[in-house]
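What follows is a set of notes on a single structure, which appears directly below.
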Amino acid sequence: MFCEKCGSLLVPKEKKGKKLFYCRKCKTYYNLSGKLVEKSAQKSKITLIGERRPTLPTVEEECPKCGHKKAYFWIEQTRASDEPPTRFYKCKKCGHVWREYH
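Going left to right, the sequence shown walks through residues -10 to 91 as the working numbering numbers them.
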């Protein structure tokens, strides 16, 4: 439902034990007409069977800790958006994590 005054989306809200619709923009309450249905998604439980394996891409990069030649990598924007992103590596052998700035 939308507010008749400003067109904003109305949200259900309880006021003095009465269920109403409320406009956050113009602070107007509307009486509920009909039935209000609350739906909540049931959280499903995920069971992991077997070994957990990373799904990150692999690159040939030498680990500074153990010297292994293969590592997983991912990219994150850790600085301002006009700066280049940071590349992170994780050694496939020892799990050491390091970063590379461009």
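Built from N, CA and C at the ideal position, the CB exists for glycine as well.
Environment of residue i [buried if 16+ CB atoms lie within 10 Å]
i: Glu(-7); result: exposed
i: Cys12; result: buried
i: Phe(-9); result: exposed
i: Leu(-2); result: exposed
Beta-carbon proximity of residue i to residue j, cut-off 8 Å
i: Tyr61; j: Lys79; result: yes
i: Arg88; j: Phe77; result: yes
Per DSSP, the bridge partner or partners of residue i
i: Lys2; result: Leu9
i: Cys80; result: Ala60
i: Thr47; result: Tyr61
i: Arg88; result: Phe77
The ligand ADP heavy atom lying under 7 Å from the CB of residue i
i: Cys80; result: Inclusion of the ligand ADP in the displayed structure is not the case, the ligand content being empty and no account of it being possible.
Whole-number beta carbon distance between residue j and residue i, since they are thought to touch under 8 Å
i: Thr47; j: Lys59; result: 6 Å
i: Cys(-5); j: Lys14; result: 5 Å
**Message:** Can you confirm whether the region 50 to 70 touches the region 13 to 22 when touching is taken to mean that 3 or more C-beta pairs between the two stretches lie within less than 8 Å?
**Reply:** They do not touch, by the three-pair rule.
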